[in-house]
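Trainee: Please see the structure below; I have some questions.
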Amino acid sequence: MSGKYNLPDPLTLIHPRSLKNLNYHLQELVKGRLWLRILIGMVLGILTGLVLGPSTGILNQEMSYTIGEWLALPGYLFLALLQMIVVPLVFASIIRGIASGEDMEQLKKIGLRTVSFFLATTAFAIFVGLMLALTINPGTYISSDLVQGTISSNVTQADSSGLGSFDVAELPGMITTIVPTNPLGSLATGQMLQVVIFSIIIGVALVSMQPVQSKPLLELLGSLQEVSMTVVRWSMLLAPVAVFGLISKFTLNLGIDALMGMLVYVGTVLLGLLLMLIVYMLIILLVTRKNPLTFLRSIRDVLLLAFSTSSSAAVMPLSIKTAEENIGVRPSISQFVIPLGATINMNGTALYQSIAAVFLAQAFGIELSFGQLLLIMVTVVGASIGTPSTPGVGIVILAMILNSVGIPTSGIALIIGVDRILDMSRTAVNVTGDLVTCVIMDKWVAGKKTANEEFIEVAKHEAQRRVHDEDVIVISSEE
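Per the UniProt record's numbering: the sequence shown = residues 1 to 479.
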């Protein structure tokens with residue numbers, strides 16, 4: 001019967017070869033799709049964390065913590081690889097991005113417009129956060145018993161940590177510290193803001209020099225950048241396993257009880273981040289006339305990785321690669337905007353900090369005046385500029401913001417249990433903001449060379465570097 005009507009034999013459907021064939025097709029589907037592999041790692045990580053978590057009773061809390069640390073080991077190694085290479089990549093990318101400008105006038109346009117766009121969107125994000133917090137009032141949904149119980153059990157640790165001490169008289173000294181007095185020390189210790197400032201100064205100096213003088217250093221930095229991106233490509237092979245481990249550990253450590261009483265607060269922050277994402281997509285639609293859904297599809301790899309690692313700095317190499325290869329942004333734009341954005345453009349973090357400040361004020365029964373709200377906005381803008389783009393730092397900066405408006409910093413103990421999921425979400429929005437800014441600047445700042453011409457020139461230089469045995473090749477501008 002099967003042969004007459006060309007129907008498959010039912011036995012072949014469960015035959016090992018059929019299973020092997022199915023597995024082959026699944027592998028082909030996943031192969032080359034980093035976003036799908038990362039998504040699978042996230043789902044498996046969540047399921048593993050839920051099954052092995054203390055709430056199921058399979059393992060006790062101590063054993064769950066131990067297993068979570070071992071599961072997260074690939075993730076720790078992955079982050080270490082990226083953090084190892086991020087400083088040389090930022091150093092080389094910013095200098096080459098600035099030096100690729102045709103003249104000082106174009107460089108001034110890129111710098112002023114990029115920083116202005118960053119500050120404007122950050123201020124808007126803070127405004128959205130404050131409006132949502134004042135409208136939804138998430139702090140009123142927390143019982144006073146929960147507040148007092150959580151604070152009393154953590155007040156000593158939170159208040160004695162030294163976080164949040166801030167004096168206006170110290171501000172000039174803080175501003176001075178962003179200029180590195182020892183650039184090599186800043187590079188060695190990973191002081192990102194100082195590295196960015198130093199790189200910008202060197203890049204501007206190279207633009208003002210004659211091409212024959214600046215070319216050797218630029219070629220050397222080009223080699224450094226290529227080496228860095230090669231290491232990044234190697235580390236991406238570990239990304240799905242790293243995501244699985246990090247998400248498993250997160251789910252293992254986060255108890256259900258910590259989430260239940262904070263759902264309104266978490267929902268308020270996530271709603272604000274969603275609104276910022278919608279605003280970014282509207283900017284893409286109105287300014288560039290591009291389909292926002294197509295834009296999101298082109299950056300999904302880096303967004304999933306940013307969500308999983310909670311670090312803008314860690315995904316910076318992939319962000320540059322995505323901007324140039326998936327979106328078609330000129331290298332001179334992407335290699336300047338993204339490293340700068342990963343350091344000073346923290347819109348998602350700024351929105352979260354403004355909501356968290358109002359939430360804790362409401363939980364403590366503190367009425368915030370208009371002046372205090374304005375102070376929160378100014379402080380958050382300043383703090384977001386200098387916030388390191390690494391996991392968990394946002395909660396530390398929040399302590400300074402709370403102290404500046406008279407909210408007890410011990411209240412951080414109330415929200416720290418759910419900070420991880422919010423950290424992951426706001427990092428994805430931060431990275432989206434950097435990529436959107438790349439697209440906007442690519443359209444607003446016209447150059448003498450198109451994106452294709454820049455890509456061809458870079459490829460030609462790389463080919464010439466491989467053909468010759470010399471470490472550095474000086475190519476005259478006439479060629």
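Just so it is clear, CB atoms sit at the ideal spot from N, CA and C, and this is done for glycine as well.
1. Sort V431, S308, P317, S334 by Cα distance to K443 and report the nearest one.
2. Per the contact definition of three or more C-beta pairs closer than 8 angstroms, is the stretch 112–131 in contact with the stretch 364–383?
3. Beta-carbon separation of I421 and L398 under 8 angstroms?
4. Please report the residue range of the alpha helix (DSSP H) in which M281 lies.
5. Touch check for the stretch 87–94 and the stretch 62–77: three-plus C-beta pairs under 8 angstroms?
6. Measuring alpha carbon to alpha carbon, tell me which residue in M229, G53, I202, M276 is nearest L217.
7. For I95, which residues in the same chain have their Cβ closer than 6 angstroms to its Cβ, ignoring the five residues on either side in sequence?
8. Check whether the stretch 358–375 touches the stretch 109–121, taking contact to mean three or more Cβ pairs, one atom from each stretch, closer than 8 angstroms.
9. For V51 versus I136, is the C-beta spacing smaller than 8 angstroms?
10. Buried or exposed for V436, please, with buried defined as at least 16 other CB atoms from any protein chain shown within 10 angstroms of its CB.
11. Residues in the same chain with beta-carbon distance under 8 angstroms from L39, minus the five sequence neighbours each way, listed in chain order, please.
12. Can you find at least 3 beta carbon pairs, one from the stretch 336–353 and one from the stretch 268–284, that sit closer than 8 angstroms?
13. Please identify the residue among L107, P183, V207 whose C-alpha is closest to the C-alpha of M441.
14. Comparing C-alpha positions only, which one of V207, T181, V212, S208 sits nearest to I197?
15. Determine the DSSP secondary structure at K290, reduced to helix, strand or coil.
16. Roughly how many angstroms lie between the CA atoms of F78 and L132, to the nearest whole one?
17. When the distance is taken between beta carbons, is L351 closer than 8 angstroms to G272?
18. If distances are taken between C-alpha atoms only, which option among Q61, C438, K109, E62 comes closest to V287?
19. Can you give me the C-alpha to C-alpha distance between L163 and T409, rounded to a whole angstrom?
20. For L238 versus G68, is the C-beta spacing smaller than 8 angstroms?
21. How big is the Cα-Cα spacing for R289 and A428?
22. For a minimum of 4 consecutive residues, which ranges assigned as the alpha helix (DSSP H) are wholly contained in the stretch 283–351?
23. Pull up the distance between the alpha-carbon of R297 and that of I407, whole angstroms please.
24. For L134, name the three-state secondary structure that DSSP assigns.
25. Compute the distance between the beta-carbons of Q225 and S93, then report whether it is under 8 angstroms.
26. Grouping DSSP H, G and I as helix and E and B as strand, with all else coil, what is G111?
27. Just tell me which of Q194, V381, L293, R426 has its CA closest to the CA of M276.
28. For my contact list, A361 and G139 are in at a C-beta cut-off of 8 angstroms; report their separation, rounded to the angstrom.
29. Cutting at 7 angstroms between CB atoms, please list the residues of its own chain near L187, excluding the five before and the five after it.
30. With DSSP collapsed to three states, give me the class of L373.
31. Rounded to whole angstroms, what is the Cα-Cα separation between G371 and S404?
32. Buried or exposed, going by whether 16 or more other CB atoms sit within 10 Å of the CB of M209?
33. Starting from V231 and walking both ways along the alpha helix (DSSP H), at which residues does that stretch end?
34. Considering G411, what are the terminal residues of the alpha helix (DSSP H) in which it resides?
Mentor: In brief:
1. S334
2. yes
3. no
4. 263–283
5. no
6. I202
7. S199, I202, G203, L221
8. no
9. no
10. buried
11. L304
12. yes
13. L107
14. T181
15. coil
16. 36 angstroms
17. yes
18. C438
19. Summary for L163: the model assigns pLDDT 40, below 50, so the residue's position carries little reliability, and this model does not support an answer.
20. no
21. 23 angstroms
22. 292–298, 300–309, 316–325, 331–344
23. 41 angstroms
24. helix
25. yes
26. helix
27. R426
28. 7 angstroms
29. V87, F91, V195
30. helix
31. 12 angstroms
32. exposed
33. 211–236
34. Unbroken run through G411: none, as it is neither H nor E.
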